[in-house]
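These notes are about the structure you will find just below.
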Amino acid sequence: MLSKYVSALAMCGLLVLSPFTYADLSSVPKPDNLDIRMQLDDEYPMILTGFVRLNAQQVLNFYFDKLGDPTNMVEEIGRQTLFFKQSNETIKISVYQQNDWTEISIMVTQ
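Every letter in the sequence shown is one number past the one before it in our numbering, and letter 45, counting from 1, is 29.
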């Protein structure tokens, strides 16, 4: 009887440590009024893309305020990409200004 409980606990532990555990984007802050166009968050990598009526600098400042200093920052052809580390996850946030809208793309990996 005891071995059944030990086996069940071991299996639960494996599920928790598995890279296929349930993922969720709720821990990543998002600006108010973000118009989400795509969201895939049932497993890693989690992806979210949307638009907001803020300029790119306002969006960058939002993430600096919410997540602190990024571990890396890259700029390519007008797109700023910030990398953050939270717990065991890497958060990649790309910001791209398009006229009155700013595109925000978020990817979370383990």
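All residues carry an ideal CB built from backbone N, CA and C; glycine is no exception.
Residue state for Asn45 is assigned as helix, using DSSP reduced to three classes. Across the set Glu59, Asp49, Asp53, the C-alpha of Glu59 shows the shortest separation from the C-alpha of Gln81.
Between the alpha carbons of Phe68 and Asp84 lies a distance of about 26 Å. For Lys69, the uninterrupted beta strand (DSSP E) run begins and ends at 63 to 70, by DSSP. Nearest C-alpha to Asp26 among Val36, Met57, Asp8: Asp8. Taking all protein chains in view, the Cβ of Thr86 is crowded by 16 or more other Cβ atoms within 10 Å, so the residue is classified as buried. Under the three-state reduction of DSSP output, Leu51 falls in the helix class.
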